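To start, the structure under review is shown below, and the notes come after it.
Residue numbers (the numbering used here), protein chains in the order written: chain G, 23 to 480; chain W, -1 to 154.
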C-alpha cells in the first residue's frame, strides 16, 4: 500500500532525503507512544519494519478492556481471553528498562490470578505508579508488591467488596511510596490460623493513605510508620466489613477523613499532636450505640481537630439525632481556627454549641434534625455572628418550625452576613416551597444587605 | 566547579544556521547537552555551537524555557502558555522541536512535545499515522496481515 504522499498533513522536510520521524532515535518515538494507550502503541507495529518493535520502548502502559470497537456481548469469553492474551503478550515483549506507569481497567477476567501475574512482571521492571481498577475479584500475591523499591504510587480499586485478596508479610517496607489508595481488598497475614500477627508497615515517604472498605484478616494490630503522612482517609460502609485497628505513627497529618459506624470507633489511633486543618466525619450508628458513646467517639476525633479550619460532621442513625447529652459539652473543644463548619443533621442546641466554640467562623452549612426535642431559646449570640460569619447555607430545608426559628436567629443577629441560601428538601412539594419562601422573605425584610438564594434541593 | 559555574553571566548559543542567542544560565539549566559544555569550560562567557538545532526552533525553545524558569509566573499562566505554544505549531514544527529536545537532552520539554504529538495521532487509524509521519510501509500485505493477527486485540 502506497501512502504518505498527499494531503495537508505532509510535513516539510528541511533536510533532503530524510523524513522527520526517521531522524528520531527510537526511545524518543517510544516517548510519543507512551502517551497513547498500549493498544494503539502496539498497533504502530504494522507501520513499517522499523516500527515493528518501537512500541516495546514505551514507558507507560495503559490497558482498558472496553477499548475495543466490537461489542463484548457478542462473544464475551473470546473477547475476555483475547484481552488477557494481549496484555500478557505485551508485557513479555516489553523492552524498556523502567516503567513509569501501569494502568489497568478490567470489567471481566477469566482467571483471578492474571492481575497478580501482570503486576509481578511490571514490578520486576521497577515500576513507579500502579493503578488497577477491577470489577471482578482477583487474588494478588503480595511479595513482589511489597518489595518494590521504586514504587511511588499504588492505587488498587476492586469494586466487589473485599473479595479481592492480598497476602501480606508481617513487615512491609516501601521506601519510595508516596500515595496508597486501596478499595475493596482483604489483606491476609501469612500468619498461621491460631496465632494473630502484629503487622508493621514502613512507608517513610508516604503522604496519602486512603482505604475504602478494606479489611485485614489474621491480624492482631497494624502499625503504620509514615512520618510524612498528611492525608488519612478511611471509609467503611459500602459492604459489611470488619475494620481493624490501625495505629498511625505520624505527627504531621493535616487532612483526616472518616466514614463508618460507631462500632469502628477504635480503628484509627493517632497521637494527639497532629496538625489537622481539615476534618471530615460521616458517622453511622447501625448497632444502636447510645448517644453518650457516640459523643465519646466524636470527642476523640474532634479533640484532634482543635486547629482545623474545616470541619464536616454528618451523623446518620435510625431514630436518633445528634442532640445534647449530659456532660457532652466537654467533648466539643474550642475551634480557634475554624472557618468552615458543615453540620448535619443536628438539633438547634448542638448547633449553637458548635457556633459558640467557633469564634472566627466564616461559612456555616447546616442541616437540622427532623424534630427538635430540645428546643433552644438562642439566648446567647455567638461571637462569630458579630464579626466573621458571612455565609450560611441551609441544606435540605424542610420549613419546620424549629428551622425557621434558627433562620430567624441567624438573620436577626449575624451582623456581617452577606449571603444566605436555602436548599429545599426534595420531599417538599413545590406549592409548599413557595409558601416556605414567603415565610422566609418576611423575616428577611429587615436584612436588605444580605443576598438570598433558593434552590430546589441538594 | 559550582563556584565557576555561578560566575558565568551570559551563555551564547549558536544555531545550525549561524544565528546567535545570548541567554542567562538559568535558561539553559534544562538543556543537559549545553550543561555538559558549561561544566567543561571555566570561562566567564561561554559560546556553544548547536549544529543540530535551527535558529527558529532554538528561539521557540528559549521562549519556552524563559517562561518556565520564571518564578513570577503562576502555574496557570504557564499552562496557558503551553496551550498557546502548541496551538500555533504545525505538525512538522512539533516533530522538529521534539528532535531538538532529544539532541539538547531536555527531559521535560521532550515529554511536553511527545505528548503534543501523541495528541494528534491519538485514536487515529494506522493509515492516518502512516500519513502523518510520512512512513512508507515496507511490509508485504501478507506480512502485515500476519502481524495484525499476532496482535489481534490491538486492531479490534
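We put the CB at the ideal spot given by N, CA and C, even for glycine. In this text, all values refer to a predicted model and were calculated from it rather than measured experimentally.
key: Selected residue, minimal CA-CA separation from residue 347 of chain G, among G/340, G/360, G/321   = If you number the first chain from 1, residue 347 of chain G lands on position 325. Taking only the C-alpha atoms, the option nearest residue 347 of chain G is G/321.
ask   = Considering only residues of the same chain and omitting the five flanking positions on each side of residue 103 of chain W, which have a CB-CB separation below 6 angstroms?
value = Here residue 103 of chain W refers to the residue found at position 105 of the second chain. Excluding residues within five positions, the ones whose Cβ falls inside 6 angstroms are 30, 31.
Residue 29 of chain G versus residue 138 of chain W: straight-line alpha-carbon distance, rounded = Position 7 of the first chain holds residue 29 of chain G. Position 140 of the second chain holds residue 138 of chain W. Because residue 29 of chain G sits at a pLDDT of 37, beneath the cut-off of 50, its placement in the model cannot be relied upon, and the following sentence gives the value as read from the coordinates. In a straight line, the C-alpha of residue 29 of chain G is about 24 angstroms away from that of residue 138 of chain W.
ask   = At a Cβ cut of 8 angstroms, what residues of the region 36 to 64 of chain W count as close to chain G, listed as they run along the chain?
value = 52
ask   = Does the Cβ of residue 13 of chain W have 16 or more other Cβ atoms within 10 Å, making it buried, or fewer, making it exposed?
value = In the second chain, residue 13 of chain W corresponds to position 15, counting from 1. It counts as buried.
ask   = Mind listing which residues of the region 71 to 90 of chain W have their C-beta closer than 9 angstroms to chain G's C-betas, in chain order?
value = 88, 89, 90
query = Shortest alpha-carbon distance to residue 70 of chain G belongs to which of W/125, W/152, W/150?
reply = Numbered from 1 along the first chain, position 48 holds the residue referred to as residue 70 of chain G. Comparing Cα positions, the closest option is W/125.
request  = Would you tell me roughly how many angstroms separate the C-alpha atoms of residue 123 of chain W and residue 237 of chain G, rounded to the nearest one?
outcome  = The sequence position of residue 123 of chain W within the second chain is 125, counting from 1. The sequence position of residue 237 of chain G within the first chain is 215, counting from 1. Residue 123 of chain W and residue 237 of chain G: Cα-Cα distance of roughly 45 angstroms.
task = Could you check what DSSP says for residue 15 of chain W in three-state terms: helix, strand or coil?
result = Position 17 of the second chain, counted from the first residue, corresponds to residue 15 of chain W. In this structure, residue 15 of chain W counts as coil in the three-state DSSP scheme.
message = When you compare the CB positions of residue 226 of chain G and residue 197 of chain G, do they come within less than 9 angstroms of one another, or not?
response = Reading the first chain from its first residue, position 204 is the one you call residue 226 of chain G. Reading the first chain from its first residue, position 175 is the one you call residue 197 of chain G. Yes, the pair counts as a contact, with Cβ atoms nearer than the cut-off.
ask   = Under a Cβ-count criterion, where at least 16 other Cβ atoms within 10 Å of its own Cβ denotes burial, should residue 468 of chain G be classed as buried or exposed?
value = Locating residue 468 of chain G in the first chain gives position 446, where the first residue counts as 1. Exposed, since its Cβ has fewer than 16 Cβ neighbours within 10 Å.
message = Just to confirm my understanding: we take residue 157 of chain G, look at its own chain, exclude 5 residues before and 5 after, and list those with CB closer than 6 angstroms. What are they?
response = Here residue 157 of chain G is taken as the residue at index 135 of the first chain, counted from 1. Excluding sequence neighbours, residue 157 of chain G sits near 129, 181.
request  = Look at the Cβ atom of residue 199 of chain G, then the Cβ atom of residue 232 of chain G, and state whether they are nearer than 9 angstroms.
outcome  = For the purposes of this step, residue 199 of chain G is taken as residue 177 along the first chain, with counting starting at 1. For the purposes of this step, residue 232 of chain G is taken as residue 210 along the first chain, with counting starting at 1. The answer is no: Cβ separation not under 9 angstroms.
task = For the region 132 to 143 of chain W, enumerate the residues whose C-beta is nearer than 7 angstroms to any C-beta of chain A, in chain order.
result = Absent here is chain A; the protein component of the structure consists of chains G and W.
inquiry  = For chain W, check one thing: does any of its Cβ atoms lie closer than 9 angstroms to the Cβ of residue 117 of chain G?
reply    = Position 95 of the first chain, counted from the first residue, corresponds to residue 117 of chain G. It does not: the Cβ of residue 117 of chain G has no partner Cβ on chain W nearer than 9 angstroms.
key: Cβ of residue 456 of chain G within 9 angstroms of any chain W Cβ   = Translated into positions along the first chain, residue 456 of chain G becomes position 434. So, not an interface residue.
task = Specify, as a first and last residue, the run of the beta strand (DSSP E) that residue 282 of chain G falls within.
result = Taking the first chain and counting its residues from 1, the one referred to as residue 282 of chain G is at position 260. Looking at the DSSP string, the run of the beta strand (DSSP E) that includes residue 282 of chain G is 277 to 283.
query = Quick one: complete alpha helix (DSSP H) runs, 4+ long, within the region 53 to 107 of chain G?
reply = 60 to 65
When G/345, G/290, G/330 are compared against residue 317 of chain G, the one with the closest alpha-carbon = The count along the first chain starts at 1 and reaches residue 317 of chain G at position 295. Minimum Cα distance to residue 317 of chain G is reached at G/345.
inquiry  = Classify residue 293 of chain G: buried if its beta carbon has 16 or more other beta carbons within 10 angstroms, exposed otherwise.
reply    = As a working mapping, residue 293 of chain G is identified with position 271 in the first chain. Counting Cβ neighbours within 10 Å, residue 293 of chain G comes out exposed, since fewer than 16 surround it.
key: Whole-angstrom C-beta distance between residue 96 of chain W and residue 115 of chain W, which should lie under 8 angstroms   = Taking the first residue of the second chain as position 1, residue 115 of chain W is located at position 117. Taking the first residue of the second chain as position 1, residue 96 of chain W is located at position 98. With a Cβ gap of about 6 angstroms, residue 115 of chain W and residue 96 of chain W count as contacting.
ask   = Which residues in the same chain as residue 168 of chain G place their Cβ atom closer than 6 angstroms to its Cβ, once the five residues preceding and following it in sequence are excluded?
value = Locating residue 168 of chain G in the first chain gives position 146, counting from the first residue. Hits under 6 angstroms: 194.
query = Can you find a CB in chain W that lies within less than 9 angstroms of the CB of residue 351 of chain G?
reply = In the first chain, counting from the first residue as 1, residue 351 of chain G sits at position 329. Chain W, which has no Cβ nearer than 9 angstroms to the Cβ of residue 351 of chain G, makes this no.
task = For the beta strand (DSSP E) holding residue 207 of chain G, just list the boundary residues, first then last.
result = In the first chain, the residue the question calls residue 207 of chain G occupies position 185. Taken as a continuous stretch (DSSP letters only), the beta strand (DSSP E) holding residue 207 of chain G covers 207 to 211.
6 angstroms CB neighbourhood of residue 428 of chain G in its chain, flanking five on each side removed = Numbered from 1 along the first chain, position 406 holds the residue referred to as residue 428 of chain G. Around residue 428 of chain G: 370.
ask   = Exposed or buried, residue 78 of chain W, counting other C-beta atoms within 10 Å across all chains shown (16 or more means buried)?
value = To locate residue 78 of chain W, count along the second chain from 1; it is residue 80. Classification for residue 78 of chain W: exposed.
query = How far does the alpha helix (DSSP H) with residue 318 of chain G in it reach, from first residue to last?
reply = Stepping through the first chain from its first residue, residue 318 of chain G is reached at position 296. Segment 313 to 325, the alpha helix (DSSP H) holding residue 318 of chain G.
query = Counting only runs that start and end within the region 98 to 127 of chain W, where is the alpha helix (DSSP H) found for 4 or more residues in a row?
reply = 105 to 119
request  = Using 10 angstroms around the beta-carbon of residue 94 of chain W, count the other beta-carbons present and answer buried if the total reaches 16, otherwise exposed.
outcome  = Taking the second chain and counting its residues from 1, one reaches residue 94 of chain W at position 96. So residue 94 of chain W ends up on the buried side.
Alpha carbon of residue 204 of chain G to alpha carbon of residue 189 of chain G, nearest angstrom = By 1-based counting over the first chain, the position of residue 204 of chain G is 182. By 1-based counting over the first chain, the position of residue 189 of chain G is 167. So the two alpha carbons sit approximately 14 angstroms from each other.
task = Run down chain W in chain order and give the residues with a C-beta less than 8 angstroms from the C-beta of residue 99 of chain G.
result = Reading the first chain from its first residue, position 77 is the one you call residue 99 of chain G. Those do not exist, as residue 99 of chain G stays about 14 angstroms from chain W at its closest Cβ, beyond 8 angstroms.
ask   = Does the Cβ-Cβ distance between residue 307 of chain G and residue 340 of chain G come in under 9 angstroms?
value = For the purposes of this step, residue 307 of chain G is taken as residue 285 along the first chain, with counting starting at 1. For the purposes of this step, residue 340 of chain G is taken as residue 318 along the first chain, with counting starting at 1. Yes, the pair counts as a contact, with Cβ atoms nearer than the cut-off.
message = Let me confirm a value: residue 67 of chain G is counted as buried when at least 16 other C-beta atoms fall within 10 Å, else exposed. Which label applies?
response = If you number the first chain from 1, residue 67 of chain G lands on position 45. Result: buried.
Secondary structure, alpha helix (DSSP H): runs of 4+ residues fully inside the region 365 to 410 of chain G = 370 to 378, 405 to 409
query = When Cβ atoms are compared, which residues of the region 100 to 116 of chain W fall closer than 8 angstroms to chain G?
reply = 100, 108, 109, 112, 113, 115, 116
inquiry  = My assumption, with CB atoms under 8 angstroms, is that residue 176 of chain G sits in contact with residue 152 of chain G. Please give the rounded CB distance.
reply    = Locating residue 176 of chain G in the first chain gives position 154, counting from the first residue. Locating residue 152 of chain G in the first chain gives position 130, counting from the first residue. Contact flag correct, Cβ pair sits at about 5 angstroms.
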